[in-house]
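Just so you know, the protein sequences line up as chains A and B, in that order.
The opening position of the first sequence corresponds to residue 28 in our numbering, with each subsequent residue numbered one higher.
The opening position of the second sequence corresponds to residue 371 in our numbering, with each subsequent residue numbered one higher.
Quick reminder that beta carbons are idealized off the backbone N, C-alpha and C, glycines included.
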Amino acid sequence: MRVYVRRFSFVAIYLALYFFGTSISATAPSPKVVSLNVCTDQFLMLLADDSQIISLSEISTDILSSAMAAEASKYHQNNSGAEEIYLLQPDMVFAGIYTAKATVNMLESLNIRVEKFEPASTVDQIILNMQRTGELLGHTDRAKLLITNFESRLAELTSGIKNKPRAALYYANGYTTGENTLAGQILDLAGFSNIASEVDIHWGGTLPLELLIMSKPDVVITGTTYPGSSRSEEILKHPALKPLQLVSSTDANWVCGTPHILKAIEDLQTIHPDKMSIK
Amino acid sequence: MKLKVTLTILLTALFIFSLSTGHAVANFSQSMTALYLGDGPLGTVMREIRLPRAMLAILVGASLGVSGAALQGYLRNPLAEPGLIGVSGSAALGAVIALHTGFATYVWMGLPIASFSFATIAVLVLLLLAGPRGSSLTLILA
């Protein structure tokens, strides 16, 4: 019950923020933005006025990659082509640092301001990205409130963890990610220790199935699989994994460093022994 | 006879070598004991990963050897392989169709069924083209 009340208050704050925000934005300079990256899409939807969003990236409505797929469906979507974006006449373009170099260079040479965001993999980076988006959009107060809510909810989620069960992230083709990645951070914040660091994987890499079995993790966390058959995902059905507890948990909330990782942490904690009593 | 014995010994040695190699850190006697008695993680590794792997390698090698011998013997050409008469290509086509239509996902053994039946179709078409009095030469040309 408590959880629902908390969730509801969260929503209420969002709504209040939304209406309050639109009323004051008329005075502040409010640039119109096109986003080329699924993560900056989400920052935009969280912080911008409706009228400030010209267009979002193509995968913003993909439920497997975008945590805000439903909200994104009401906006225009672009295919990240320089020509198309120029014709949309944005005041500013949001892109990731790995967004196609040619497109970004072309836009810059056409005198369009391109703001490049680094993919956030730590809490500090997420907060910095929110701050920066707020400043660029002329909504610093909104960003501040979002950050405060994010921090307090995070503190709530991370408190009261005494044991750290050993967990392994295990994806298609036997891929795993270490503590320097966003998924590793989510795992750590949810109160699990990552076995990838035991086998010297700190970023990402292939974890041989034999090593996974030998390291006896308390839980193996896999991703949501795509429909259809795939040879790379067959390994997740390997009979050798049967003795282990397998949880399919990673989804769109794990993709981007946005406040939606709170949902990912919450989902993961449904199997954490210290947190299960609260649920 | 001598060759057969040598090859069998070599096969057995390689089989055991395959069982004792892998990413998991364990010495030879540990892994062999775990194969029979281990109920910990090493037992799982031995029985679910290494043993199936080694057995699969032998089965695949044997079937490749048999089909190679049959083709090369019939066509009188030591370089013959199934690709020569289009069987591999046809099997691949069947596999791709099964993957794309979802047949492989929804039907048990769907992928092997599709590829084997397409390979069979290729052979039948080939025989049809070669005609009733076809020698091995017309078969190649067909």
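Query, Result
"Cβ-Cβ separation, A223 of chain A to T203 of chain A (assumed contact under 8 Å), whole Å", "5 Å"
"Amino acids of chain A, ordered along the chain, whose beta-carbon sits closer than 7 Å to that of T557 of chain B", "One cannot answer for residue 557 of chain B here, as it falls past the ends of chain B, which runs 371 to 512."
"Burial state of Y444 of chain B (16 or more Cβ within 10 Å)", "exposed"
"Same chain, Cβ closer than 7 Å to A465 of chain B, neighbours up to 5 away in sequence not counted", "L481, A484, S485"
"Which residues DSSP lists as bridging R140 of chain A, in chain order", "A:M119"
"Coarse secondary structure for N132 of chain A, derived from DSSP in three states", "helix"
"C-beta atoms of G211 of chain A and N221 of chain A nearer than 7 Å", "yes"
"Chain A contact for I483 of chain B (CB, 7 Å cutoff)", "no"
"Residue from A:P286, A:Y197, A:A127, A:V150 with nearest C-alpha to L73 of chain A", "A:P286"
"Bridge partner(s) assigned by DSSP for S62 of chain A", "A:F121"
"Interface positions of the segment 180-195 of chain A facing chain B (Cβ-Cβ less than 9 Å), listed along the chain", "none"
"Any chain A beta carbon closer than 7 Å to V448 of chain B", "Strictly speaking, residue 448 of chain B in this sequence is Pro, with Val absent from that position. Not an interface residue."
"Chain A within 7 Å of A394 of chain B, Cβ atoms only", "yes"
"Per-residue burial, Q296 of chain A [other beta carbons within 10 Å of its own, 16 or more giving buried]", "buried"
"Inter-residue CB distance, A394 of chain B and M119 of chain A (contact presumed, cutoff 8 Å)", "That pair is no contact at about 53 Å."
"7 Å Cβ cutoff met for G161 of chain A and A170 of chain A", "yes"
"Continuous alpha helix (DSSP H) assignments of at least 4 residues falling wholly in the segment 192-227 of chain A", "209-216"
"For L163 of chain A and S52 of chain A, the rounded distance between their alpha carbons", "With a pLDDT of 40 at S52 of chain A, under the threshold of 50, the modelled position of that residue is not reliable, and the figure given next carries that caveat. Distance between the alpha carbons of S52 of chain A and L163 of chain A: 13 Å."
"Bridge partner(s) assigned by DSSP for G459 of chain B", "According to DSSP, G459 of chain B bridges with nothing at all."
"Residues of its chain near S78 of chain A, where Cβ-Cβ distance is below 8 Å and the 5 sequence neighbours each way are ignored", "S57, K59"
"Three-way DSSP call (helix, strand, coil) for G435 of chain B in this model", "helix"
"Within 9 Å of chain A by C-beta, residues of the segment 387-416 of chain B in sequence order", "G392, H393, A394, V395, A396, G410, P411, L412, T414, V415"
"Close-in-space but distant-in-sequence residues of the same chain around Y328 of chain A (CB under 6 Å, 5 per side omitted)", "Since the first residue shown for chain A is 28 and the last is 306, residue 328 of chain A is missing from the structure and cannot be characterised."
"CB of A199 of chain A within 7 Å of CB of F219 of chain A, strictly", "no"
"Under 7 Å from the C-beta of I419 of chain B: neighbouring residues of chain A", "L236, E237, A267"
"Backbone secondary structure at L271 of chain A - three-state DSSP", "coil"
"Contact under 7 Å by Cβ, V457 of chain B with A489 of chain B", "yes"
"Between the CA atoms of I213 of chain A and K189 of chain A - distance to the nearest angstrom", "17 Å"
"Given T251 of chain A as reference, the closest of A:D151, A:I262, A:A279 once Cα atoms are compared", "A:A279"
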